[in-house]
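Residue numbers (my numbering): 4 to 323.
1) From which residue to which residue does the alpha helix (DSSP H) around residue 169 run?
2) Check whether the region 110-130 and the region 277-290 are in contact - that is, three or more C-beta pairs closer than 8 Å.
3) Is residue 291 helix, strand or coil by DSSP?
4) If you draw a straight line from the alpha carbon of residue 154 to that of residue 144, how long is it in whole angstroms?
5) Hey, quick one: how far does the alpha helix (DSSP H) through residue 187 stretch, first residue to last?
6) Any idea which residues DSSP pairs residue 129 with across the strands?
7) Would the region 82-96 and the region 237-257 be scored as touching if the rule is three or more Cβ pairs under 8 Å?
8) Give the C-beta separation of residue 226 and residue 250 to the nearest angstrom, bearing in mind that I take them to be a contact with Cβ-Cβ under 8 Å.
9) Look up residue 104 in the DSSP assignment and give the residues it is bridged to.
10) Is there contact here, the region 48-55 with the region 98-111, by at least three beta-carbon pairs under 8 Å?
11) Give the DSSP-derived three-state secondary structure of residue 37 in the structure shown.
12) Could you tell me which of 302, 275, 199 and 301 sits nearest to residue 291, measuring between CA atoms?
13) Could I get the ranges of all uninterrupted alpha helix (DSSP H) runs contained in the region 54-103, with 4 residues as the minimum, in chain order?
14) When we look at the beta-carbon of residue 252 and count the other beta-carbons within 10 Å, is it buried (16 or more) or exposed?
15) Could you give the distance in angstroms between the alpha-carbon of residue 142 and the alpha-carbon of residue 128?
16) Take residue 285 and list the residues in its own chain whose beta-carbon comes closer than 6 Å to its own, dropping the five residues that flank it on each side.
17) Skipping 5 residues on each side, what residues in its chain have a beta carbon closer than 6 Å to that of residue 98?
18) By DSSP, does residue 124 sit in helix, in strand, or in coil?
19) Could you name the residues of the same chain whose beta carbon sits closer than 7 Å to that of residue 131, not counting the 5 residues immediately before and after it, in chain order?
20) Verify whether the separation of the beta carbon atoms of residue 230 and residue 79 is less than 8 Å.
21) Which class does residue 250 belong to by DSSP, given the choice of helix, strand or coil?
22) Considering only C-alpha positions, which residue in the set 60, 54, 57 and 81 is nearest to residue 288?
23) Does the Cβ-Cβ distance between residue 109 and residue 204 come in under 8 Å?
24) Taking the alpha-carbon positions, what's the residue 147 to residue 60 distance?
Here is the structure:
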């Protein structure tokens, strides 16, 4: 997935303006519809405090605490069955913890009823592993669906949908059905749908699974753009070390001509807002930067990095 540093993404130089246009449209709407509101940058976007969760008799999360700061990418790693997807379901309020507290922008969501939970969910976008697209609806209709449900005027819907599709480079596919798209295009469509309503928190469940390296790089670039240009807070659930290395070593800026330039971070510029949380048997075994992960002496982490990303949770390593 690694590409040369200081690359120019000439095919997408106008996408930043497109996303700004879409978000400007959103801010003009009622906060109750979009979930957009003033955010205190000092309050974590997401916080787990001593959270435990079990399925039947199996402990999935055990006294887990972590924070997702505003404008940060938090990469969550674990072996197969390690609780990564459970964390996303807890954040969305689809599951409730057995113990502990979960805060979204400083609000504990555990005691909220369904109506109150929906208000919290309106602050978030979700990119599902399988896309979760409406197969019978066109690309345009998939992105427009939520806005139409909220009875947003059609002119505003068209402006936002076309701006978001331009951002993910699908402006020429508006009339296609999901079945007519490649895997990477379907994933980009999922990202466009997740960005409807100007969420400042976006959750990615295995965003690059089953994609070829160039397409995976394109998806990672979109996540990086959201971090560096939009101050979006993201949680990226993955088991792929290539994704980890990419997200923790690349950053993007806009040059004087308005073009996006992706550069490899050689001065640790982006490491302060891209961090990794690694789980094993429901507990945190690592929290830190990509460099710190690579330099870890933990036997399980070293084996994970060597390429056995799908280690089962009961896997034993030497020197344990």
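We put the CB at the ideal spot given by N, CA and C, even for glycine. Here the structure is a predicted model, which is why all the values come from computation and not from measurement.
Once the coordinates are examined:
1) Translated into positions along the chain shown, residue 169 becomes position 166. Where residue 169 is concerned, the enclosing alpha helix (DSSP H) stretches over 157-170.
2) no
3) The residue you call residue 291 lines up with position 288 of the chain shown. Correct three-state label for residue 291: strand.
4) Locating residue 154 in the chain shown gives position 151, counting from the first residue. Locating residue 144 in the chain shown gives position 141, counting from the first residue. Cα-Cα distance, rounded: 14 Å.
5) As a working note, residue 187 is residue 184 in the chain shown. Counting along the chain, the alpha helix (DSSP H) containing residue 187 begins and ends at 186-197.
6) The residue labelled residue 129 in the question sits at position 126 within the chain shown. 206.
7) yes
8) Here residue 226 is taken as the residue at index 223 of the chain shown, counted from 1. Here residue 250 is taken as the residue at index 247 of the chain shown, counted from 1. The Cβ separation is near 7 Å, so the contact holds.
9) For the purposes of this step, residue 104 is taken as residue 101 along the chain shown, with counting starting at 1. DSSP, once it has assigned bridges, lists 52 as partnering residue 104.
10) yes
11) Residue 37 sits at position 34 when you count from the first residue of the chain shown. Low per-residue confidence applies at residue 37: pLDDT is 47, beneath 50, and the placement is therefore not dependable, though the value from the model is reported in the following sentence. Residue 37: helix per DSSP, three-state reduction.
12) Walking along the chain shown from the start, residue 291 turns up at place 288. Here the closest residue by C-alpha is 275.
13) 87-94
14) In the chain shown, counting from the first residue as 1, residue 252 sits at position 249. When all chains shown are included, residue 252 counts as buried.
15) Looking up residue 142 in the chain shown gives position 139. Looking up residue 128 in the chain shown gives position 125. Going by the C-alpha atoms only, they are around 17 Å apart.
16) Counted from its first residue, the chain shown places residue 285 at position 282. 62, 63, 64, 65 and 86.
17) Taking the first residue of the chain shown as 1, we reach residue 98 at position 95. Excluding sequence neighbours, residue 98 sits near 92.
18) As a position in the chain shown, residue 124 is number 121, starting the count at 1. Reduced to three states, the DSSP call for residue 124 is helix.
19) As a position in the chain shown, residue 131 is number 128, starting the count at 1. 193 and 208.
20) Position 227 of the chain shown, counted from the start, is the residue given in the question as residue 230. Position 76 of the chain shown, counted from the start, is the residue given in the question as residue 79. Going by C-beta atoms, residue 230 is not nearer than 8 Å to residue 79.
21) Within the chain shown, the letter at position 247 stands for residue 250. Residue 250 falls in the helix class under three-state DSSP.
22) Numbered from its first residue, the chain shown carries residue 288 at position 285. With distances taken between Cα atoms, residue 288 lies closest to 81.
23) Sequence index remark: in the chain shown, residue 109 carries index 106 (1-based). Sequence index remark: in the chain shown, residue 204 carries index 201 (1-based). It is not a contact, given that the beta carbons lie outside the stated cut-off.
24) Position 144 of the chain shown, counted from the start, is the residue given in the question as residue 147. Position 57 of the chain shown, counted from the start, is the residue given in the question as residue 60. Residue 147 and residue 60: Cα-Cα distance of roughly 42 Å.
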